[in-house]
Structure formats: C-alpha cells, structure tokens
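FYI, our numbering numbers position 7 of the sequence shown as 7, with every residue one higher than the one before it.
Each remark here refers to the structure printed beneath this line.
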Amino acid sequence: MKGTILSNGILRAEDGKRYTFKLEEIQNLSKFSYTDEHSLDGMEVDFEQGKEDENQATSLFILPTQESKVTTHPAA
1 MKGTILSNGI LRAEDGKRYT FKLEEIQNLS KFSYTDEHSL DGMEVDFEQG
51 KEDENQATSL FILPTQESKV TTHPAA
C-alpha cells in the first residue's frame, strides 16, 4: 500500500484510511536525514497493513521523491 506521513506515528493511505506506525518500522530510515519525527511529515511511503492490528502500518519504506526542475532562460 502507499500513503503519506501526516504526523508523528500517523499516515494516510491512498484510499483515505489512517494507520498508525512506529518509527522503528521504517526500514530505510537511515538513508534519510531528519531532525525529529515531524520532519518526516509529508513523506510518501510504501507499507504493509499489520497482520495482528489492521490499523497498524508495518514494514514502511520512504519512497524517493523527484524534485521539480526549474528551467531558467538567460536575459537577452
């Protein structure tokens, strides 16, 4: 499943349903620099729905984002 981190420990899936998660469930967190949990807000993630608790997200992976490219033209 895919979703977006809303706040510390909460994400919203593409279908609009909210899931809770633990920071240690983010499998590739070490590849990203962050100052606190809130710096992850807005990050796109791929995740699995918990087997024991359907409202829990597990095995999260932060998805790479492509920054928008701005083209500038030199003044004539």
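We put the beta carbon where it would ideally sit given N, CA and C, even for glycine.
If you're wondering where the values come from, they're calculated on a predicted model, not measured in any experiment.
Here residue 58 has 25, 48 and 50 as same chain residues with Cβ atoms under 6 Å from its own Cβ, once five neighbours each way along the sequence are excluded. With 16 or more other CB atoms across the displayed protein chains lying within 10 angstroms of its CB, residue 11 is buried. DSSP lists 5 and 19 as the bridge partner or partners of residue 11.
For residue 60, the pairing in a beta bridge is given by DSSP as 26. Annotated as proximal: residue 32 and residue 62, with beta-carbon spacing under 8 Å. Comparing C-alpha distances from residue 52 to each of 45, 27, 20 and 40 shows the shortest one belongs to 20.
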